[in-house]
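Numbering of the sequence shown is given in our numbering, commencing with residue 240 and proceeding in unit increments. Worksheet for the structure shown next.
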Amino acid sequence: MKYISTRGGAQPQEFCDILLGGLAPDGGLYLPESYPQVADRLDEWRGLSYAELAFRILSLFISDIPAADLKAICDKTYTAQTYRWSRDPAKARDITPLTTLEPGFHLLELSNGPTLAFKDMAMQLMGNLFEYVLDQRGETINILGATSGDTGSAAEYAMRGKHNVRVFMLSPEGRMSAFQRAQMYSLQDANIFNIAVRGMFDDAQDIVKAVSNDAEFKARYKIGAVNSINWARVAAQIVYYFKGYFEATRSNDEKVAFCVPSGNFGNICAGHVARMMGLPISNLVLATNENNVLDEFFRSGIYRPRTTAETRVTSSPSMDISKASNFERFVFDLVGRDAAIVRELWREVDSGAGFNLAGGRFAARLPEFGIVSGSSSHADRLATIRDIWEGHGLMIDPHTADGVKVAREHPVQGLPMIILETAQAVKFAETLQEALGRDPLRPKELEGLESLPQRVELIDASVDAIKGIIVREC
Ligand SMILES: *Cc1c(COP(=O)(O)O)cnc(C)c1O
């Protein structure tokens, strides 16, 4: 399988070559040349273990790692030990267990990995793929990122202790929850560097961009990224749509709907690809919070990225985005994979404007892709958390609550609805307190996490200060 750019200006590449890079050289995103068609393999795949299913699916997208090696990587990544924080520990073997709320209405638990958010599903695989490819090539990489919470911790837990990889993760001082801070800063691994920046998330993000735009520094210090535009993350996420489908149905003649709490369009992009591959998904329900740039597009055909100043800070912070970085992949398919059109549309986006497809031929094609959308407010999320606790005895986090709220508004007649559970409640204790008047339940092993010694360096929001740290440690 070769990979092409959504903007048409890059040579087709193999998987391992795009694994370590970010954007394509023309500024576009990589996608497979075509989507493998698997409708006739569902019978063979139903009943496979998660690791086995991951191997079958990823094999279709990765042709430059020998099968035995890829199999070993999948087996090592998707273990009951790593994904052990299920509500029902007996279900840990499933890796992504399904919890039925009401008949036909399910939660797919994706947040049972080390950092209790769905980003572990892909990031743990990335850690093992990076180690494998770097070992083979005798190379090293310095991952530089900025996080508002979930991405940074997932990256650190995936890369800790891996040879040939260092992680420099910037976080805005005092902006993450106490639990999120403790998760990251308590890591003592020699290859993990936590850097708190005096400022906001955007200040941290700007530093990362500035360092990455310094081509000489980037090449000299082998700076890499693991952000959500990375194709390998999308590929890894395709697997659980298949797993969830098999869990929620009895036969491959049935259709289902998925509801996906969305920010950068990474998670739901994987659902879109699964559907294009022939998984019987009737609809993908896209759920946003007050930052509803995507909801607006799917309702109106108008894509209007927000400015940072317009972006609201909400109780579902991992969805607080101004524009959706993976959305370009979907639009590439929407416009019939015509890179010239994508280039045109993103010339507008990159200039700070947006685009309007309303009334045109592409808006007319939108229904073919099965995406419907909705959004939630803070009050909606609190009410939903309360409702699921009182009605089902389950604690859900504010992002998942957003999904439940929007899913209830978009039932697809007679079909199972599978809501992706993107984080565990314990990560967002403040909001749980507000909703329920009590602290969220937490796994026993994580009691006292906040009182462990922390290792973090505090700096001013300056590009030179970050470069200085990288130079010092390399
Ligand atoms: C990252 C994240 C999201 C948003 O996922 P995207 O792939 O950016 O759409 C939703 N919920 C949680 C808990 C997250 O960490």
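Quick reminder that beta carbons are idealized off the backbone N, C-alpha and C, glycines included.
Heavy atom of ligand 1 within 7 Å of residue i beta-carbon
i, result
"S467", "yes"
"F717", "Residue 717 is absent from the structure shown; the chain starts at 240 and stops at 713."
"I507", "yes"
"P500", "yes"
"S521", "no"
"T338", "no"
"D359", "no"
"H638", "yes"
"S387", "no"
"S615", "no"
"S298", "no"
"T661", "yes"
"S612", "no"
"M365", "no"
"A471", "no"
"M408", "no"
"A356", "yes"
"M558", "yes"
Cβ neighbour criterion (16 or more within 10 Å) applied to residue i
i, result
"L680", "exposed"
"T386", "buried"
"L186", "Residue numbering for the chain in the displayed model covers 240 to 713; residue 186 lies beyond these limits and cannot be assessed."
"P305", "exposed"
"L697", "exposed"
"E567", "buried"
"P353", "buried"
"V552", "exposed"
"C313", "buried"
"T339", "exposed"
Enclosing beta strand (DSSP E) for residue i [first to last residue]
i, result
"M656", "656-660"
"C498", "495-500"
"V524", "520-527"
"Y269", "269-271"
"L409", "404-411"
"D256", "No beta strand (DSSP E) holds D256; the alpha helix (DSSP H) holding it covers 254-258."
"F601", "Here F601 belongs to no beta strand (DSSP E); instead the alpha helix (DSSP H) covers 600-604."
"E696", "696-699"
"S612", "610-614"
"V436", "431-437"
Euclidean distance between Cα positions of residue i and residue j
i, j, result
"P650", "S614", "15 Å"
"F456", "V581", "30 Å"
"I709", "Y460", "8 Å"
"G575", "V495", "25 Å"
"A230", "G248", "Here the chain covers residues 240 to 713 and nothing more, so residue 230 does not appear."
"S561", "N469", "19 Å"
"E348", "F537", "26 Å"
"G540", "P556", "25 Å"
"S451", "I462", "7 Å"
"A622", "P328", "28 Å"
"D678", "A668", "6 Å"
"A704", "G384", "15 Å"
"R326", "H345", "14 Å"
"G377", "L671", "47 Å"
"A397", "A429", "14 Å"
"I334", "I477", "14 Å"
"I382", "V473", "18 Å"
"E684", "S701", "37 Å"
Test: residue i CB closer than 8 Å to a CB of chain C
i, result
"L337", "Absence of chain C from the displayed structure is noted, only one protein chain being present."
Residue span of the alpha helix (DSSP H) that contains residue i, given as start and end
i, result
"E395", "389-398"
"N452", "440-452"
"I725", "Because the chain spans 240 through 713 in this model, residue 725 falls outside it and cannot be assessed."
"P380", "According to the sequence provided, residue 380 is Ile. The question's Pro does not apply to it. It is not in any alpha helix (DSSP H) - I380 instead sits in the beta strand (DSSP E) that spans 380-385."
"G366", "358-376"
"I312", "306-316"
For residue i, the three-state DSSP class (helix, strand or coil)
i, result
"M558", "helix"
"E549", "coil"
"S539", "helix"
"H345", "strand"
"P328", "helix"
"E669", "helix"
"E686", "coil"
"G505", "helix"
"V512", "helix"
"M646", "Residue identity differs from the one stated: residue 646 is Ala in this sequence, not Met. In this structure, A646 counts as helix in the three-state DSSP scheme."
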